[in-house]
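Engineer: Just passing along the structure, written as structure tokens.
2 protein chains.
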Amino acid sequence: MPKRVVVVGGGFGGLQVVRSLRNTPFALTLIDRTNHHLFQPLLYQVATAALSPADIAVPLRGIVRGYSNIGVLLDEVIGVQLEQRRVHCLRSGALEYDFLVLAPGARHWYFGNDDWERCAPGLKSLADALEIRRRLLHAYEQAAIASEPETTRAWTTFVVVGGGPTGVEVAGALAEIGRHTMAKDYPMLDPRSIRIILIEASSRILPTFPPPLSAKATVALEELGVELRLGQRVIDVECDAITLESGEQIPTRTTIWAAGNRAPAWLRTLGVPLDHMGRVIVERDCSVPGYPEVFVIGDAACYRDERRGELPALAPVALQQGRFVARLLRRDIPLQKRPPFRYRNKGMLATIGRARAVAAFPGGIKLHGVLAWLLWAGVHIAFLIRFRNRAAVMTEWLWYYLTFQPRARLLIETAYTDTPSPNP
Amino acid sequence: MPKRVVVVGGGFGGLQVVRSLRNTPFALTLIDRTNHHLFQPLLYQVATAALSPADIAVPLRGIVRGYSNIGVLLDEVIGVQLEQRRVHCLRSGALEYDFLVLAPGARHWYFGNDDWERCAPGLKSLADALEIRRRLLHAYEQAAIASEPETTRAWTTFVVVGGGPTGVEVAGALAEIGRHTMAKDYPMLDPRSIRIILIEASSRILPTFPPPLSAKATVALEELGVELRLGQRVIDVECDAITLESGEQIPTRTTIWAAGNRAPAWLRTLGVPLDHMGRVIVERDCSVPGYPEVFVIGDAACYRDERRGELPALAPVALQQGRFVARLLRRDIPLQKRPPFRYRNKGMLATIGRARAVAAFPGGIKLHGVLAWLLWAGVHIAFLIRFRNRAAVMTEWLWYYLTFQPRARLLIETAYTDTPSPNP
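The listed protein sequences correspond, in order, to chains G and D. Last residue of the first sequence? That's 424 in the working numbering, and every number before it is there in order. Last residue of the second sequence? That's 424 in the working numbering, and every number before it is there in order.
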């Protein structure tokens, strides 16, 4: 009987495991809450109306189609019994495994204030991105018909919480779309009333990048008109204002959360030590302490590298861990003989807007400006998993960069609130 | 002071009026419930995962951008006071007009059984199409994990109610995606268990086409595996089964409604005679009886042509009426001197699937098969309002026709049920 490998999560890490084990004697089951692999680094472009969901997502069944040793299950994991070697799913019940790879990623985290989500959605899934896009477009429409100047200002004030790569990318895109697209679509609005505010708790944006690049990114954002609030924490989020530690209250109807992440709560059912972000603290071979047949990779794993410390939550880490784990399984290496996982840092990129980006490479090499942006665009296009998406995204970008008219600025209010339950 | 023209509806008719009156001394306000013009003839392709919303919709503000005599208002009309010359909107209150053009289109209609909508959504807006797409993809996922064969069968049975062009197009697309895409994505399903059933109350599908073309379309649908139920009315719709007049009960989890249409209920506030579909019975110049400054065009108008009888609810009718009304306004023709509107029938087209279509032209000219389909594709591509959409749709079609892998089969469950109210 073939060994059963259950992979939880069809993101960069999980999908890499599945792809590396295609056409092998393993019987693979890929479980995901959605039916698609998402190219998360470009998700902010769906949220800011530059791309359509189909440009950055690919149906999982389409990817693994034709490999008879791979099955896909659309379901949610609710727990794992390590001793019994069982994964429990919400709809399909228990699945038994010989090997288990957990790559569920992370969700945004409000530091315990879960009620903030309603007024400040995060950006992790296509549903999140479409909701942010809906709010963004809705805000401009409301601003256009508001009768009081303060109301208009609150609708045209956009707050982004968190100055990491996602927050910087969102703030830059909001500023660009505000200045170049919305100011022309809404001639009744004073362009100066459109404000984008980026809040970061530490003393500089892009804190994981070298300080000189943070400085370059700061200048680029400010040139786009983004206001920065550094060294400030958000202490309250309401749907019409947010409050900072300093006491400053910012009236806004649109807040986007890019500050905290947390691994899924069901990882607690493993009964093994987790770190402060709910991530599993894994061994040097990415396995769970005491369970050499179970691995955690990607954003849900806390991997402590001897040289580097904790590995960052980046797609390349997940991809490399996926490839590493698949190799261990293929070669059936016992625990004692397993080499440690080694992350090969190929650099970090963040984009700030049209033709602006920063890049940091090993050995202290730094890039910024147009060159970094071309590199960013090239790397992202190259990594889009399927050729068809590459062409689609490139033409969308070309169109947008020529016309400043992103095609996807469609406000689609959901009509069906009372749909049949998915679990009848 | 410039004459104020209020246009209700940014569909084919309303948008044509606005475009024809750009750069004129009129002050135009275009009111729409959505922020986009929708190319409705291709909406079924969004519902069946072949296209993305951005491929067939264009933001209204982007279209009229640069014409200083045109404003856009995202709002819902709730009534008209003809004597006071006022339009009342849900959010922005009352608007005064010198001329009013009503082009609000129609919504689907359940012949009084409004509760059927929950289980059998219609196909009029992008939100409708995305909801149908969600149900379609969800159904296959449920079928894949169902433990009882009857449950699987109910999830893989798709019922389309209404055999007009929309119903035929949806049924054909469902059959194609079922046979070519889903059967490969879901190898655990028996392809023969995938059933598409098209129900039509009259004795033939495409009843507005010449009978020989109905026969051709019937053959084409049957070749695709669609089961037809002709001369049968639906008497009950539940979320797990529908019941026909004959007593037949069809267990299904996915029903799509393409049977009835009705003009918006607020047209009753006009206090003028409406027909059985709630449409305003207009004069020969498309104006409302007794109110020469008010026009109704498109699907919400009942226009009785002396030669042809009632004009059909087709995009070309709305477009030509829009152009006609704009000309009356531009030339400021008094009621007595107005010529009657004349519809120039350029033919009717319906597509049944890849390389299958039927076409009927004036003078009894009929086409079917590949030639009709090429014509259909050419006409639709040509009419897509902006070049960029044309290119995007053509590449999507080419991709699909080469690979049978429609890119937009993304199941996106809405996460935010508790969003802030749009009217705070």
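Cβ coordinates follow ideal geometry from the N, Cα and C atoms, glycine included.
(1) Along the alpha helix (DSSP H) that carries D:Trp376, what are the first and last residues, could you check?
(2) Which term fits G:Ala139, buried or exposed, when burial requires 16 or more other beta carbons within 10 angstroms of its beta carbon?
(3) Using the beta-carbon of each residue, which ones in chain D are nearer than 9 angstroms to G:Gly122?
(4) So which residues on chain G does D:Arg61 lean against when the C-beta distance must stay under 8 angstroms?
(5) Bridge partners of D:Ile281, per DSSP?
(6) Looking only at its own chain, which residues have a Cβ that is under 7 angstroms from the Cβ of D:Gly495, when we skip the five neighbours before and after it?
(7) Which same chain residues end up closer than 8 angstroms to G:Leu375 when comparing Cβ atoms and leaving out the 5 residues on each side of it in sequence?
(8) Check distances from the C-beta atoms of the stretch 141 to 165 of chain G to those of chain D and list, in chain order, the residues that come in under 7 angstroms.
(9) Put G:Ser287 into one of helix, strand or coil per three-state DSSP.
(10) Taking the continuous beta strand (DSSP E) assigned at G:Ala94, which residues delimit it?
(11) Taking D:Glu227 as part of the beta strand (DSSP E), name the residues at either end of that continuous run.
(12) Using a Cβ-Cβ cut-off of 9 angstroms, state whether D:Ser193 counts as contacting chain G.
(13) Can you tell which of D:Ile31, D:Asp55, D:Leu28 and D:Thr29 has the C-alpha that lies nearest to the C-alpha of D:Gln40?
(14) Using 8 angstroms as the Cβ pair cut-off and three pairs as the minimum, do the stretch 116 to 134 of chain D and the stretch 30 to 39 of chain D touch?
(15) Name the chain D residues whose beta carbon is nearer than 8 angstroms to that of G:Pro53?
(16) Thinking G:Asp285 and G:Pro340 are a contact (beta carbons under 8 angstroms), I'd like their distance in whole angstroms, please.
(17) Determine, for D:Ala263, whether the minimum Cβ-Cβ distance to residues of chain G falls below 9 angstroms.
(18) Can you tell me which of G:Val226, G:Ala57, G:Gln320 and G:Ile333 puts its alpha carbon nearest to the alpha carbon of G:Pro292?
(19) List the residues of chain G whose Cβ lies closer than 8 angstroms to the Cβ of D:Leu137, in chain order.
(20) Looking at the unbroken alpha helix (DSSP H) that takes in D:Phe12, where does it start and where does it end?
(21) Is any heavy atom in the ligand GDP found nearer than 8 angstroms to the beta carbon of D:Arg204?
(22) In chain G, which residues lie with their C-beta within 7 angstroms of the C-beta of D:Leu130?
(23) Looking only at its chain, what residues have a beta carbon closer than 7 angstroms to the beta carbon of G:Phe99, apart from the 5 residues adjacent to it on each side?
(24) How close, in whole Å, do the beta carbons of G:Leu198 and G:Ala171 come, if the pair is a contact with beta carbons under 8 angstroms?
(25) Are the CB atoms of D:Ala47 and D:Ile132 within a distance shorter than 9 angstroms?
(26) For a minimum of 3 consecutive residues, which ranges assigned as the beta strand (DSSP E) are wholly contained in the stretch 163 to 211 of chain D?
(27) With burial defined as no fewer than 16 other Cβ atoms inside 10 Å of the residue's Cβ, what is the status of D:Arg268: buried or exposed?
(28) To the nearest angstrom, how far is the alpha carbon of G:Asp236 from that of G:Ile250?
(29) Hey, how far is the Cα of D:Gln336 from the Cα of D:Pro289?
(30) Use the C-beta contact count for D:Pro147: other C-beta atoms within 10 angstroms, 16 or more gives buried, fewer gives exposed.
(31) Please report the residue range of the alpha helix (DSSP H) in which D:Gln320 lies.
(32) Please classify G:Pro251: does DSSP put it in a helix, a strand, or coil?
(33) Under 9 angstroms between C-beta atoms, does D:Val18 make it to chain G?
(34) Could you round the C-beta distance between D:Val7 and D:Val101 to whole angstroms and report it? I think they count as a contact, below 8 angstroms.
(35) With a threshold of 9 angstroms between beta carbons, is D:Ile190 in contact with chain G?
(36) When you compare the stretch 22 to 34 of chain G with the stretch 110 to 119 of chain G, are there three or more beta-carbon pairs, one atom per stretch, that lie closer than 8 angstroms?
Structural biologist: From the atom records:
(1) Numbered from its first residue, the second sequence carries residue 376 of chain D at position 376. Per DSSP, D:Trp376 belongs to the alpha helix (DSSP H) from Val370 to Phe383.
(2) The residue labelled residue 139 of chain G in the question sits at position 139 within the first sequence. G:Ala139 is buried by the Cβ-count criterion.
(3) Residue numbering aside, residue 122 of chain G sits at position 122 when the first sequence is read from its first letter. Among the residues of chain D, none has a CB under 9 angstroms from the CB of G:Gly122; the nearest is roughly 10 angstroms distant.
(4) On the second sequence, position 61 is the one that residue 61 of chain D refers to. Listed along chain G are Asp185 and Tyr186, each with a C-beta nearer than 8 angstroms to that of D:Arg61.
(5) Sequence index remark: in the second sequence, residue 281 of chain D carries index 281 (1-based). For D:Ile281, which the question treats as bridged, DSSP gives the partners D:Cys302.
(6) Absent from the structure is residue 495 of chain D, since the part of chain D shown begins at 1 and ends at 424.
(7) Taking the first sequence and counting its residues from 1, one reaches residue 375 of chain G at position 375. Taken in chain order, the residues that qualify are Leu349, Ala357, Ala359 and Leu367.
(8) Within the stretch 141 to 165 of chain G, the residues whose Cβ lies closer than 7 angstroms to some Cβ of chain D are Glu141 and Ile145, listed in chain order.
(9) On the first sequence, position 287 is the one that residue 287 of chain G refers to. Looking at G:Ser287 - three-state DSSP - the assignment turns out to be strand.
(10) Start at 1 with the first residue of the first sequence, and residue 94 of chain G comes out as number 94. Note, G:Ala94: beta strand (DSSP E), Gly93 to Glu96.
(11) For this step, residue 227 of chain D is matched to residue 227 along the second sequence. For D:Glu227, the uninterrupted beta strand (DSSP E) run begins and ends at Val226 to Leu230, by DSSP.
(12) In the second sequence, the residue the question calls residue 193 of chain D occupies position 193. No, D:Ser193 does not count as interfacial toward chain G.
(13) Counted from its first residue, the second sequence places residue 40 of chain D at position 40. Its Cα nearest to that of D:Gln40, the residue D:Asp55 stands out among D:Ile31, D:Asp55, D:Leu28 and D:Thr29.
(14) At 8 angstroms Cβ cutoff, the stretches touch.
(15) Residue 53 of chain G sits at position 53 when you count from the first residue of the first sequence. The contacting residues are Ser52, Ala408, Leu410 and Ile412.
(16) Here residue 285 of chain G corresponds to residue number 285 of the first sequence, with the count starting at 1. Here residue 340 of chain G corresponds to residue number 340 of the first sequence, with the count starting at 1. Rounded, the Cβ-Cβ distance is 6 angstroms, consistent with contact.
(17) Start at 1 with the first residue of the second sequence, and residue 263 of chain D comes out as number 263. For D:Ala263, no CB of chain G lies under 9 angstroms from its own CB, so it is not counted at the interface with that chain.
(18) The count along the first sequence starts at 1 and reaches residue 292 of chain G at position 292. Closest by alpha carbon: G:Ile333.
(19) As a working note, residue 137 of chain D is residue 137 in the second sequence. The contact set of D:Leu137 on chain G, defined by CB atoms closer than 8 angstroms, consists of Asn35 in chain order.
(20) Taking the second sequence and counting its residues from 1, one reaches residue 12 of chain D at position 12. Segment Phe12 to Ser20, the alpha helix (DSSP H) holding D:Phe12.
(21) Ligands in the displayed structure: none, and consequently the ligand GDP is not present.
(22) Translated into the one-based positions of the second sequence, residue 130 of chain D becomes position 130. Against D:Leu130, the close residues of chain G are Ile412, in the order they occur along the chain (beta-carbon pairs closer than 7 angstroms).
(23) The count along the first sequence starts at 1 and reaches residue 99 of chain G at position 99. If we look at G:Phe99 and ignore the five residues flanking it on each side, its Cβ neighbours are Lys3, Val5, Glu293 and Leu329.
(24) Here residue 198 of chain G corresponds to residue number 198 of the first sequence, with the count starting at 1. Here residue 171 of chain G corresponds to residue number 171 of the first sequence, with the count starting at 1. Contact holds; Cβ gap of about 4 angstroms.
(25) Position 132 of the second sequence, counted from the first residue, corresponds to residue 132 of chain D. Position 47 of the second sequence, counted from the first residue, corresponds to residue 47 of chain D. Taking the C-beta atoms as reference points, D:Ala47 is found nearer than 9 angstroms to D:Ile132.
(26) The qualifying runs are 195 to 200.
(27) In the second sequence, the residue the question calls residue 268 of chain D occupies position 268. Per the 10 Å Cβ criterion, exposed.
(28) Indexing the first sequence from 1 puts residue 236 of chain G at position 236. Indexing the first sequence from 1 puts residue 250 of chain G at position 250. G:Asp236 and G:Ile250: Cα-Cα distance of roughly 11 angstroms.
(29) Position 336 of the second sequence, counted from the first residue, corresponds to residue 336 of chain D. Position 289 of the second sequence, counted from the first residue, corresponds to residue 289 of chain D. The straight-line gap from Cα to Cα measures roughly 13 angstroms.
(30) Here residue 147 of chain D is taken as the residue at index 147 of the second sequence, counted from 1. Pro is not the amino acid found at residue 147 of chain D; the sequence shown has Ser there. The residue in question, D:Ser147, is exposed, as its Cβ has fewer than 16 Cβ neighbours within 10 Å.
(31) Residue 320 of chain D sits at position 320 when you count from the first residue of the second sequence. From DSSP, the alpha helix (DSSP H) with D:Gln320 extends over Ala315 to Arg331.
(32) The residue given as residue 251 of chain G occupies position 251 in the first sequence. Here G:Pro251 sits in strand by DSSP.
(33) Indexing the second sequence from 1 puts residue 18 of chain D at position 18. Closer than 9 angstroms: no.
(34) For the purposes of this step, residue 7 of chain D is taken as residue 7 along the second sequence, with counting starting at 1. For the purposes of this step, residue 101 of chain D is taken as residue 101 along the second sequence, with counting starting at 1. Indeed, because the Cβ distance is near 5 angstroms, the residues count as touching under 8 angstroms.
(35) For this step, residue 190 of chain D is matched to residue 190 along the second sequence. Reading off the sequence shown, one finds Asp at residue 190 of chain D, where the question assumed Ile. D:Asp190 does not count as touching chain G.
(36) Inter-segment contact for the stretch 22 to 34 of chain G and the stretch 110 to 119 of chain G is absent: fewer than three beta-carbon pairs are separated by less than 8 angstroms.
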